[in-house]
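Going by the working numbering, the sequence shown runs without a break in its numbering and finishes at 469. Built from N, CA and C at the ideal position, the CB exists for glycine as well. Data first, discussion second: the structure below is written as structure tokens.
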Amino acid sequence: MTFVSVNKNLMNNHLGESQLRKLINIYYGDKVNYDDLGEFEQGLYDFLKEEFPSPECLKLALAEVKQSGDLSEDFFDLAIGFQNAAVEITSFLLEEKKIAYLDTFIFPMIYLYRQALELLLKSLYYQEIKASSDRISFIQRTGHDLSSLYNEILSLSINEDHEKKGYIWLSEFFRNISMFDRMSDSFRYPFKFEKVEDVFDEKLTMKNLFEKRRDVDLIKLSNKFIHAFALIKRLFKEKTITPEEISYTENVEDFIENPGYSTEFLEEGGGYKQKSVFGNDFKRISINHFADAYSECATHLYQKHVANLADNSIRNFNSFFAVCYLLRNAIELSLKGLCMKLLDSDEAIKLIRNKKHNLYWLWKATQTKHCEGPMSSVNIPHPEQIEFYVKLIHEVDASSSRFRYPADNDLNSYYPDPYRYHWGIHYYLLSTCFERLRVTEYIIDDELESREESRRDVLI
10 MTFVSVNKNL MNNHLGESQL RKLINIYYGD KVNYDDLGEF EQGLYDFLKE
60 EFPSPECLKL ALAEVKQSGD LSEDFFDLAI GFQNAAVEIT SFLLEEKKIA
110 YLDTFIFPMI YLYRQALELL LKSLYYQEIK ASSDRISFIQ RTGHDLSSLY
160 NEILSLSINE DHEKKGYIWL SEFFRNISMF DRMSDSFRYP FKFEKVEDVF
210 DEKLTMKNLF EKRRDVDLIK LSNKFIHAFA LIKRLFKEKT ITPEEISYTE
260 NVEDFIENPG YSTEFLEEGG GYKQKSVFGN DFKRISINHF ADAYSECATH
310 LYQKHVANLA DNSIRNFNSF FAVCYLLRNA IELSLKGLCM KLLDSDEAIK
360 LIRNKKHNLY WLWKATQTKH CEGPMSSVNI PHPEQIEFYV KLIHEVDASS
410 SRFRYPADND LNSYYPDPYR YHWGIHYYLL STCFERLRVT EYIIDDELES
460 REESRRDVLI
């Protein structure tokens, strides 16, 4: 029995009691000969022994997804998890006070807040509307558009306060978000596609989303999202949330009568260590900047959860899906970055646009081009490990939606049966995949820079 045989399909399979006993026996048994383990197996062994030094610690990091069968409940629970994650990242940013973090972590932070609102709005609609056909039609009409989702909620006539200032504020706030981020992708990817026509042809180009400098007040932005979440949550029937489950505003009733913030989405301002500054004319935001920010936010949330386990504090931090998605998006961004480095520009743009979230296709395309192209002499470490990880993650989440939603667009549950997972193993598989890809990028960047320097020397 090897580590790979036990863990190969763990991300897609329920971890039963017999498999748990196998894991404990392998990681803590007397028969493990470390020198006989392969490189992949040694890495996993070292990680788990450091993170979970005893069988008891390993067991504590086990958790289980139990969907209720009620779509509204399942969306609501996931919304709480994403909101918790967003609040934790905001707190980390403001406490850490590392300026470099402020300028990049804002993107995953906004995405987490925004995703929490989308899930909450859909949960509220599903609470009121039960027919599958109506629900599917609702998904098709609204997509990820917060403003459209909220207008659907208004049409249900379940909010007697909809004409009060707070809910008018909410409607305008959602409208302003949707003007900038209707498809829920502006804070996941730093680029957009544009068609450019010339005399002979029409082709696509990639344009950075943030051309002009923005100085965004993080505290105001976070508080707006928190108030928006609180206002929507207030419309649910018979919902109670304990303080351990979510950071919740205490003055929401006052806010309904007299909102304390403008409806502007990315409002500028804030103190030197309380704002995020970005934009091409200030500092270019590359795909790598996005990827690193997503990965580092995931690492903080994971470490927070492990620390909670060690302290016997809040066991169910409920950010598992947020952590998995943040890392999955970091991997996707890194693969797209590799495409831009190794492929011809037009070819890379076409591949990225057509394959979208398909991790395996993105990886195979970069490998093919690397082997055939002028960079073939550059040695890329661990390509077989990267392919193993990428293929595994792709098989689990080919559409980049399994960690973001409890069901697909046809309302088929992603977890119809109880699903047991292990925080450490899932985190290791996802984070190691990302780290291997980033090392690959660093090697290629160094080689490209060296070749450019040689070219300049020749020209001189």
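Which residues mark the beginning and the end of the beta strand (DSSP E) in which residue i is found?
| i | result |
| --- | --- |
| TYR428 | 428–431 |
Where does residue i sit, in a helix, a strand or coil, going by DSSP?
| i | result |
| --- | --- |
| LYS350 | helix |
| GLU127 | helix |
| ALA407 | coil |
| TYR451 | helix |
| GLU161 | helix |
| GLU277 | strand |
| PRO268 | coil |
| MET192 | coil |
| ARG324 | Reliability fails at ARG324, whose pLDDT of 49 lies under 50, so the model's placement of it is uncertain and the value that follows must be treated cautiously. If DSSP states are grouped into helix, strand and coil, ARG324 belongs with coil. |
| LYS345 | helix |
| ILE108 | helix |
| SER166 | coil |
| ASN317 | helix |
| LEU155 | helix |
| LEU244 | coil |
| LYS173 | coil |
| VAL261 | helix |
| ARG197 | coil |
| PHE114 | coil |
| VAL96 | helix |
| GLU456 | helix |
| HIS435 | helix |
| ASN42 | coil |
| ILE138 | coil |
| HIS391 | coil |
| GLU220 | coil |
| GLU253 | Bear in mind that a pLDDT of 47 at GLU253, under 50, signals an unreliable position, so the model cannot answer this. |
Taking the alpha helix (DSSP H) that residue i falls in, what are its first and last residues?
| i | result |
| --- | --- |
| VAL387 | Premise fails: VAL387 is in no alpha helix (DSSP H) and is neither H nor E. |
| ARG223 | Counting along the chain, ARG223 falls outside any alpha helix (DSSP H), though it belongs to the beta strand (DSSP E) covering 223–226. |
| LYS365 | It is not in any alpha helix (DSSP H) - LYS365 carries neither H nor E in the DSSP assignment. |
| TYR281 | From DSSP, TYR281 is part of no alpha helix (DSSP H); its letter is neither H nor E. |
| PHE147 | 141–151 |
For residue i, write down the residues that DSSP places opposite it in a beta bridge.
| i | result |
| --- | --- |
| MET215 | PHE202 |
| ALA416 | SER422 |
Should residue i be counted as a contact of the ligand FAD given a C-beta to heavy atom distance under 8 Å?
| i | result |
| --- | --- |
| PRO392 | Absent from the structure shown: the ligand FAD. Ligands present: none. |
| field | Whole runs of the alpha helix (DSSP H) within the segment 44–90, excluding any shorter than 4 residues | value | Whole alpha helix (DSSP H) segments, 4+ residues: 48–60 and 64–69.
| request: Spell out a yes or no on whether the segment 217–229 and the segment 271–279 are touching, meaning 3 or more CB-CB pairs, one atom from each, closer than 8 Å. | output: Verdict: yes, contact present.
| query | Is it a yes or a no for the segment 80–99 touching the segment 148–160, going by three-plus beta-carbon pairs under 8 Å? | reply | In this structure the segment 80–99 does not touch the segment 148–160; the number of beta carbon pairs closer than 8 Å is below three.
| task | Assess, as a yes-or-no matter, whether the segment 123–141 is touched by the segment 341–353 under the definition of 3 or more beta carbon pairs within less than 8 Å. | result | Result no; under three Cβ-Cβ pairs closer than 8 Å.
| Should the segment 422–429 be regarded as contacting the segment 304–311, the criterion being three or more beta carbon pairs within less than 8 Å? | No: fewer than three Cβ pairs fall under 8 Å.
| message | Assess contact between the segment 56–76 and the segment 383–401, defined as three or more Cβ pairs (one per stretch) separated by less than 8 Å. Is contact present? | response | Short answer: they don't touch.
| Cβ pair count under 8 Å reaching 3, the segment 151–165 against the segment 125–140 | Judged by Cβ distances under 8 Å, the segment 151–165 makes contact with the segment 125–140, as three or more pairs qualify.
| For the 8 Å Cβ check, are there 3 or more pairs between the segment 387–394 and the segment 433–451? | Yes: the two stretches touch, three or more of their Cβ pairs being nearer than 8 Å.
| field | Touching by the beta-carbon criterion (3+ pairs, under 8 Å), the segment 171–179 and the segment 233–247 | value | Contact between the segment 171–179 and the segment 233–247 is present, because at least three Cβ pairs lie under 8 Å.
| Three or more beta-carbon pairs under 8 Å between the segment 306–319 and the segment 73–84, yes or no? | The segment 306–319, when compared against the segment 73–84, does not touch it at the 8 Å Cβ threshold.
| field | Cβ contact check for the segment 358–366 and the segment 213–221: 3 or more pairs under 8 Å | value | The segment 358–366 is in contact with the segment 213–221.
| task | Would you check if the segment 277–289 and the segment 187–204 touch, i.e. whether three or more CB-CB distances between them fall below 8 Å? | result | Counting C-beta pairs with one atom in each stretch, the segment 187–204 and the segment 277–289 have fewer than three that are closer than 8 Å, which means they do not touch.
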